[in-house]
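Chemist: For the sequence shown, numbering that gives the first Met the number 0 assigns the number 70 to the last residue and increments by one with no breaks.
Even glycine gets a Cβ: it sits at the ideal position worked out from N, Cα and C.
I am attaching a structure below and will ask some questions about it afterwards.
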Amino acid sequence: MLDSTHSNVDYLITLWGMLLDHMIEAMTTSFRADVRTRELNKNRWVQYEDEQNSNYFEEKKATMKMQRTKQ
């Protein structure tokens, strides 16, 4: 009887370990996906800001040229 109980406890510990490994793997995968998404969003935001700044300076340059030609 003692052997059977010991065997059952070992089995439960093994199952519990497998469950924990699975949960850790799932959480790690989810975390990595979140990090990737944040990096992509950050890169898109930086690219958008660069485009906006570039457009602003191009418009400013064109306005200054027009003002010079009018004078």
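Quick one: Cα of residue 4 to Cα of residue 32, how far?
Modeler: In a straight line, the C-alpha of residue 4 is about 42 Å away from that of residue 32.
Chemist: Might you give, ordered along the chain, the residues of its own chain that have their beta carbon closer than 6 Å to the beta carbon of residue 49, omitting 5 neighbours on each side?
Modeler: Closer than 6 Å at the Cβ level, and outside the excluded window around residue 49, lies no residue.
Chemist: Threshold first: 3 residues or longer. Then list the beta strand (DSSP E) segments lying entirely within the region 25–60, N to C.
Modeler: Within the region 25–60, no complete beta strand (DSSP E) run reaches 3 residues.
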